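Let me begin by presenting the structure, written as structure tokens, before commenting on it.
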DNA sequence: AGCAGAGTTCATTTTTTATTGAACAAACTC
DNA sequence: GAGTTTGTTCAATAAAAAATGAACTCTGCT
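Chains as they are written, first to last, in the numbering used here: chain Y, 775 to 940; chain V, 775 to 940.
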């Protein structure tokens, strides 16, 4: 007996406000708004919610809900709850900031820093082949600075994690 | 005698590579790629460049170049250079990381944190009107946590600035 | 004043990204 | 094993964001 969409109560004013805050929040982080809606509704719900709950209450498609939950799982931002007596999976929001920050850094930040480092390596090869000595010197200086920025970026991540996570 | 687009040399391999790195970089920060192209070309150029230089060498429109430069100026990421004998404005990249980070935080991060705080304030009013005492308690706990996150967010910014800016 | 160069603005177009929903697969039920 | 429920995938569509370019403003020059 699947829950029909009509069975789900509309969002309360409080729920809508909380979701709104999280939609903004994830947008700042470069994630789609639907991800913020899902996390926001879980965050403001006392009990765990199923995929169909999210679809029904937020009025989003099953596809969006499924993809959004996958992303949130990869970030460690939702917890799966097994309920006995049903094979439906329920979800609740993980609310430990350390965990959230760590997941975001691991999944969304580090990959970019790493691909950047690879690119800088290739760039250095190109610069080695620069014939004009003056230009080569200039390029070397700029790339060194860039590497310095990236090194600082890598170093600041654990500092942030430590600072934010309690 | 305005420079025609055909006068500008095509991008060298090195230039293309550097620009590419910055395009990725600004995308991670949620800024349009053209902004990365502009900053990247300035970063890899020894001399200051005019708007028409950027248009010609990057193959972007004057509109894009103008808007991108405005954004970069607001971040403090480019410096305007007045040249005598011409009323054209030239630009060079600001390469002080402290300045760049500070500008980004001021222009792109703080406004969101502030609007978030406003929204949390309104949310607290809504929660005060919640009749169910149990629910009100739950909501209070969640909002308190959210405020805590935002407070940490505000506190981490100067730490990052200090850490990144030399 | 009239013209030309430099740059900005913003309505339109293009491109990119997010969302949908139908088809599919997997897991359970009877 | 046929039917049902639950969830996933991905091609198609819708929505959002970025880029364009023509019209405009402003400044300086003669």
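Positions of the beta carbon are idealized from the N, C-alpha and C atoms, including for glycine.
All values reported here derive from a predicted model rather than from experimental measurement.
- At a cut-off of 8 Å between C-beta atoms, residue 791 of chain V counts as an interface residue with respect to chain Y.
- Neighbours of residue 878 of chain V in chain Y, taken as residues whose beta carbon is under 9 Å from its own, are absent, since the nearest beta carbon is some 12 Å off.
- Ranking Y:891, Y:910, Y:873 by CA distance to the CA of residue 936 of chain Y puts Y:873 first.
- For a Cβ distance threshold of 8 Å, residue set 909, 912 of chain Y lies close to residue 820 of chain V, ordered along the chain.
- Rounded to the nearest angstrom, the gap between the Cα atoms of residue 818 of chain Y and residue 856 of chain Y is 20 Å.
- Look at residue 892 of chain Y here: in three-state DSSP terms it is helix.
- Unbroken beta strand (DSSP E) stretches of 3 residues or longer found wholly inside the stretch 783-866 of chain V: 852-856, given in chain order.
- Classified as buried, residue 831 of chain Y has 16 or more neighbouring CB atoms from the shown chains inside 10 Å of its CB.
- As the crow flies, the alpha-carbon of residue 851 of chain V is around 14 Å from that of residue 799 of chain V.
- The stretch 786-804 of chain V makes contact with the stretch 891-907 of chain Y; the number of CB pairs closer than 8 Å reaches 3 or more.
- DSSP, read as helix, strand or coil, puts residue 905 of chain V in coil.
- Within chain Y, no residue has its beta carbon less than 7 Å from that of residue 906 of chain V; the closest one is some 11 Å off.
- In this structure the stretch 806-822 of chain Y lies against the stretch 907-927 of chain V, because at least three pairs of beta carbons, one per stretch, are closer than 8 Å.
- Taking the Cβ atoms as the reference, residue 849 of chain V lies roughly 16 Å from residue 839 of chain V, outside the contact range of under 8 Å.
- Relative to the Cα of residue 884 of chain V, the nearest Cα in the group V:812, V:833, V:802, V:932 belongs to V:932.
- In the structure shown, residue 877 of chain Y adopts helical secondary structure according to DSSP, grouped into three states.
- The beta carbon of residue 896 of chain Y is closer than 8 Å to none in its chain, skipping five residues each way along the sequence.
- Taking C-beta atoms as the reference points, residue 812 of chain Y and residue 842 of chain Y count as a pair closer than 8 Å.
- Nearest Cα to residue 801 of chain V within the set Y:890, Y:930, Y:912: Y:890.
- Nearest Cα to residue 807 of chain V within the set V:821, V:781, V:782, V:845: V:845.
- When Cβ-Cβ separations below 8 Å define contact, residue 919 of chain V makes contact with chain Y.
- Residue 938 of chain V and residue 926 of chain Y do touch by the CB rule: their CB atoms are close to 5 Å apart, below 8 Å.
- Chain V has no Cβ within less than 8 Å of the Cβ of residue 827 of chain Y.
- Listed along chain V are 890, 893, 894, 897, 920, each with a C-beta nearer than 8 Å to that of residue 795 of chain Y.
- Residue-level contact check: residue 817 of chain Y touches chain V, since one or more beta carbons of chain V fall below 8 Å from its beta carbon.
- Rounded to the nearest whole angstrom, the CA to CA distance from residue 867 of chain Y to residue 853 of chain Y is 6 Å.
- The DSSP-derived three-state label of residue 933 of chain Y is helix.
- About 51 Å separates the beta carbon of residue 864 of chain Y from that of residue 898 of chain Y, a gap too long to meet the 8 Å contact definition.
- Beta-carbon to beta-carbon, residue 930 of chain Y and residue 934 of chain V are separated by about 6 Å, close enough to satisfy the 8 Å threshold.
- Under the 10 Å beta carbon count, residue 781 of chain Y is surrounded by fewer than 16 other beta carbons and is classified as exposed.
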